[in-house]
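Peer 1: Sharing a structure, written as structure tokens. Questions coming.
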Amino acid sequence: MSTDAALAQLPSEAAAAVRAELAPDEQVVYAGVPRSEFDSGQLACTLRGPLLLWPGLAASLFAWVIGAALLVTGARGVLQGTIDVFMATVLIVGLGGLLVQARHARRKAASSAWVVTGRRALGITTWPERSVISIAPDDIEEVYCWIVSPNCGNVRFKSGIRSTAANALMYVPEPRTCEAAMRALVPAHSNSDT
């Protein structure tokens, strides 16, 4: 795959950021846009519909609690009514925070790219701010793939208890292709025991 063909798969901002990082003679072997951790597994696919209903459910619950507090407690139960309203507010803010976190993760993933060249691996993010992670072949201890869902996985390059952005290319599409590209970066003898 040519560098131009590989970068054509990326969002325009991410492709431009990758081009800015590449040396003139550096060739891209693998390029992919990671999935959000909220979209990578079967559970995420199953819960996508109900998660879209949470804001309406939370708003309805909030209105119900306020109405019930006013009807039931009257002037004598102001403290209990205040507690009910506070608990409903905490619930709504918590659910809203989950939705904002998921949206932020999806937007960041859509503005990111994992790229493996003949010399190194690059992780580039253009939102909320531009950041570049460069992984040299000397930094690669081991290479193995953990499949998260069909056509999505983590390619770990350092040992550790679990995969994180510090030791793995996270939620990459075509993880076996990415794994092969990462293995090609390191000398053959270092991959023989993984």
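When you line the sequence shown up against my numbering, it's residues -16 to 177, in that order.
We put the CB at the ideal spot given by N, CA and C, even for glycine.
Bear in mind the structure is a predicted one, so any value in this text is a computation, not a measurement.
1. What did DSSP end up calling R86 once you bin it into helix, strand or coil?
2. Could you tell me whether the Cβ atoms of S(-15) and V11 are closer together than 9 Å?
3. Can you tell me whether DSSP reads V76 as helix, strand or coil?
4. Per DSSP, what kind of secondary structure is W47 in: helix, strand or coil?
5. Can you look up T100 in the DSSP assignment and give me helix, strand or coil?
6. Within 10 angstroms of its Cβ, does A179 collect 16 or more other Cβ (buried), or is it exposed?
7. Bridge partners for C128 per DSSP, in chain order?
8. Going straight from the alpha carbon of L44 to that of V83, what length do you get?
9. Assess, as a yes-or-no matter, whether the segment 101 to 121 is touched by the segment 3 to 10 under the definition of 3 or more beta carbon pairs within less than 8 Å.
10. Going by C-alpha to C-alpha distance, which of V169, A85, E(-4) and T72 sits closest to S94?
11. Kindly indicate the opening and closing residues of the beta strand (DSSP E) around V11.
12. Beta carbon of L78: closer than 8 Å to some heavy atom of the ligand COA?
13. Quickly, what does DSSP pair P156 with across the bridge? List them, please.
14. How should P111 be labelled, buried or exposed, when 16 other C-beta atoms within 10 angstroms of its C-beta is the threshold for buried?
15. Secondary structure at T147, three-state DSSP: helix, strand or coil?
16. If you follow the alpha helix (DSSP H) that S(-5) is in, where does it begin and where does it stop?
17. Anyone know if the C-beta pair for E125 and R145 falls short of 9 Å?
18. With contact counted as at least three CB pairs below 8 Å, one residue from each stretch, are the segment 154 to 166 and the segment 12 to 19 in contact?
Peer 2: This is what the structure holds:
1. helix
2. yes
3. helix
4. helix
5. strand
6. Outside the displayed span of the chain (-16 to 177) sits residue 179, for which this structure offers no information.
7. V138
8. 19 Å
9. yes
10. E(-4)
11. V11 to G15
12. Ligands are entirely absent from the displayed structure, and the ligand COA is therefore not among its contents.
13. C135
14. exposed
15. coil
16. S(-5) to E4
17. no
18. yes
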